[in-house]
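Remarks on the structure that follows.
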């Protein structure tokens, strides 16, 4: 595997940019290629079969463009579609559930963990199962918070409405006395401060995207796949902006809207953004 | 055309059930076949090309099943895709924009009309153009209210959060002193009472679905396509429940969720609900 290749990231839309941000911060020497499936967003209310089909098409698309590793930023796709994706691409595939669960188990002291995610992720029980594999005594309470996505995309993360909606969604989790909460949807880190305020500062928030980025750092090192930057070799500190032209962004629809929300999430819009069609890629998949 | 055939209704998902409800109330003798494109919802944040493609696939699907008329319940599809749909089906196609605009022009006394809709519908300017065709002096102010969709689907139509979000979205419209407001997205009638309360009871709310149902009544009569019910002919009042087994519902994904939200919107879930795949129907379309 060529270590100069970019890391592929796919998401159902714009939410995965929080995972891109985390990867970018943890891996300043790497280049990224991001696919947001904005034509078919959201995945969180869709069925297993449909999420699998979309996820495989997206993964094949990035794989054929040349990547050294695929990060599935979307929690729903990570929860439902990793086995299907792994059958269809030639690179290692990393979802956000396992690293998120791992970080939560590491962080909890009381063994009481809350998880907030999309309806599909909650229904799949993916986080509960991943946590149980790591600590069978841990108690997990999961809740879907669908309105958080719109609040984040509207730029209302810091509003009275967000606070009020958070209080409603997180009521049961708060009462169940968790000490750790997994932000199990890529949009939720945008509402991080409201969530923290609602649950109190003693509750530890786990951003699955950040946990995944740290996992990828280790994995690249152990597989000797990390990119060695010229600048770094010469002892020059590397400076990289989010969304600069070393990273390429694909969307399946509505590029202008993607750029607008990207600016809201990251503070800058992608320099290199391209709209593509990816339907029917799953026919290429050898079962 | 066989007047016994059902009326076809398609929507991007569950929101069109408010249009189904209006049609059902206005046309108790008719049978309906409804397609909710739940695999690809929402349309309101997607581009023209994508909305056209989805709309044509849905319309072809219903047309090949045998309908006497097609109602495009989705405002976004009505705003963007009617010309493309009309090229590809053999029946009359009625969108919700023109009837909604018509009712608004009829209702306004000051000629100041507000329109709330999805981002795509607002961007298309479809309501403004339709209103201008009817009354070139009318003043129109349009605003997108994306969070209303999630609030309706969550069952939070009557909550403090809905009131607060409505106050925010409707601020400019309220200040612009409109006397009529078009509910230009199928979900918005679910929040009708909150919207009315926010703007004050002197503002007339126009439900485009209801306006469309009244238009369809007239159209069926003038085309001699209305179904004559045996009971009605014998002078027996017809009783029909919403969602009974005379109406058939198709969804492209997540039937269980559709049934749950249908119950929330209509008070009863469909008796006859079927999941289908409709991808690739547009290849059948003769340009």
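Chains as they are written, first to last, in the working numbering: chain V, 59 to 345; chain E, 59 to 345.
Think of the CB as a built atom: it goes at the ideal place given N, C-alpha and C, for glycine as much as any other residue.
Worksheet item: Where does residue 67 of chain E fall in DSSP's three states?
Response: strand
Worksheet item: Are the C-beta of residue 157 of chain V and some C-beta of chain E separated by less than 8 Å?
Response: no
Discussion item. Quick check: what's the CA-CA separation for residue 210 of chain V versus residue 245 of chain V?
Written reply: 6 Å
Discussion item. I want to see whether chain E comes within less than 8 Å of residue 311 of chain V, judged by CB atoms only; does it?
Written reply: yes
Discussion item. Let me make sure I understand the geometry here. Which of E:323, E:96, E:201 and E:124 has the alpha-carbon closest to that of residue 241 of chain E?
Written reply: E:201
Item to complete: Please go through the same chain and pick out, in chain order, the residues whose beta-carbon is closer than 6 Å to the beta-carbon of residue 98 of chain V, but skip the five residues on each side of it.
Response: Excluding positions up to five away in sequence, the list reads 112.
Discussion item. For residue 63 of chain V, which residues in the same chain have their Cβ closer than 6 Å to its Cβ, ignoring the five residues on either side in sequence?
Written reply: 124, 125 and 126
Discussion item. Contact criterion: CB-CB distance below 8 Å. Does residue 70 of chain V meet it with respect to chain E?
Written reply: No, residue 70 of chain V does not count as interfacial toward chain E.
Item to complete: Find out if the Cβ-Cβ distance for the pair residue 74 of chain V, residue 146 of chain V is shorter than 8 Å.
Response: no
Discussion item. For chain V, check one thing: does any of its Cβ atoms lie closer than 8 Å to the Cβ of residue 212 of chain E?
Written reply: At least one chain V Cβ lies under 8 Å of residue 212 of chain E.
Worksheet item: Got a sec, what are the start and stop residues for the alpha helix (DSSP H) residue 210 of chain E sits in?
Response: 205–212
Worksheet item: Taking just the CA atoms, how far does residue 265 of chain V sit from residue 77 of chain V?
Response: 9 Å
Worksheet item: Along chain E, in chain order, which residues have C-beta atoms closer than 7 Å to that of residue 218 of chain V?
Response: 222
Fill in: Interfacial residues, the region 182–209 of chain V to chain E, with Cβ spacing under 8 Å
204, 205, 207, 208 and 209
Worksheet item: Count the other CB atoms within 10 Å of the CB of residue 356 of chain E; is the residue buried (16 or more) or exposed (fewer)?
Response: Here chain E comprises residues numbered 59 to 345, so residue 356 of chain E is not present and cannot be evaluated.
Worksheet item: If you run the structure through DSSP and keep just helix, strand and coil, what is residue 79 of chain E?
Response: Three-state DSSP puts residue 79 of chain E in a helix.
Worksheet item: Within the 8 Å Cβ cut-off, does residue 10 of chain V reach chain E?
Response: Residue numbering for chain V in the displayed model covers 59 to 345; residue 10 of chain V lies beyond these limits and cannot be assessed.
Practice prompt. Determine which residues of the region 154–180 of chain V have a Cβ less than 8 Å from any Cβ of chain E, and write them out in chain order.
Written response: 177
Worksheet item: DSSP on residue 336 of chain E, reduced to helix/strand/coil?
Response: In the structure shown, the three-state DSSP call for residue 336 of chain E is coil.
Worksheet item: Can you name the start and end residues of the beta strand (DSSP E) that residue 325 of chain E belongs to?
Response: Run containing residue 325 of chain E: none; DSSP gives neither H nor E here.
Practice prompt. Reducing DSSP to helix, strand and coil, say where residue 274 of chain E ends up.
Written response: In the structure shown, residue 274 of chain E sits in a helix (DSSP, three-state: H, G or I).
Discussion item. What ranges does the alpha helix (DSSP H) occupy inside the region 119–181 of chain E, keeping only unbroken runs of at least 4 residues that lie completely in it?
Written reply: Whole alpha helix (DSSP H) segments, 4+ residues: 133–146 and 155–165.
Worksheet entry | Per-residue contacts from residue 105 of chain E into chain V (C-beta, under 7 Å) | The answer, in chain order, is 311 and 312.
Worksheet item: Within 8 Å (strictly less), CB to CB, does residue 256 of chain E reach chain V?
Response: no
Fill in: Rounded straight-line distance, which links the Cα of residue 180 of chain V to that of residue 91 of chain V
Straight-line measurement puts the Cα of residue 180 of chain V at about 28 Å from the Cα of residue 91 of chain V.
Discussion item. So, under 8 Å CB-CB, residue 199 of chain V and residue 172 of chain V are touching, yes? Tell me the CB distance rounded to an integer number of Å.
Written reply: 5 Å
Fill in: Uninterrupted alpha helix (DSSP H) stretches inside the region 234–279 of chain E (no shorter than 4 residues)
250–257
Worksheet item: Quick one: what's got a C-beta closer than 6 Å to residue 291 of chain E's C-beta in the same chain, skipping five residues either side?
Response: For residue 291 of chain E, the predicted model reports a pLDDT of 48, less than 50, meaning its position is unreliable; a value from the coordinates is still stated below. Taken in chain order, the list of residues that qualify is empty.
Worksheet item: Considering only the beta carbon of each residue, do residue 182 of chain E and residue 135 of chain E sit closer than 8 Å?
Response: No, these two residues do not count as a Cβ contact at 8 Å.
Practice prompt. Please list the partners that residue 244 of chain E has in chain V, where partner means a Cβ-to-Cβ separation under 9 Å.
Written response: Per Cβ cutoff of 9 Å: no residues; residue 244 of chain E is ~16 Å from chain V at best.
Discussion item. For residue 259 of chain V, which residues in the same chain have their Cβ closer than 7 Å to its Cβ, ignoring the five residues on either side in sequence?
Written reply: none
Worksheet item: Grouping DSSP H, G and I as helix and E and B as strand, with all else coil, what is residue 93 of chain E?
Response: strand
Fill in: Sequence-distant residues of the same chain with beta carbon closer than 7 Å to residue 156 of chain E, five excluded per side
188
Discussion item. Strictly by DSSP, which residues pair up with residue 201 of chain E?
Written reply: E:174
Discussion item. For a cutoff of 8 Å on Cβ pairs, would you count residue 318 of chain E as touching chain V?
Written reply: Not closer than 8 Å to any Cβ of chain V, the Cβ of residue 318 of chain E fails to qualify, so no.
Item to complete: Mind listing the chain V neighbours of residue 98 of chain E? Cutoff is C-beta to C-beta under 7 Å, in chain order.
Response: 98
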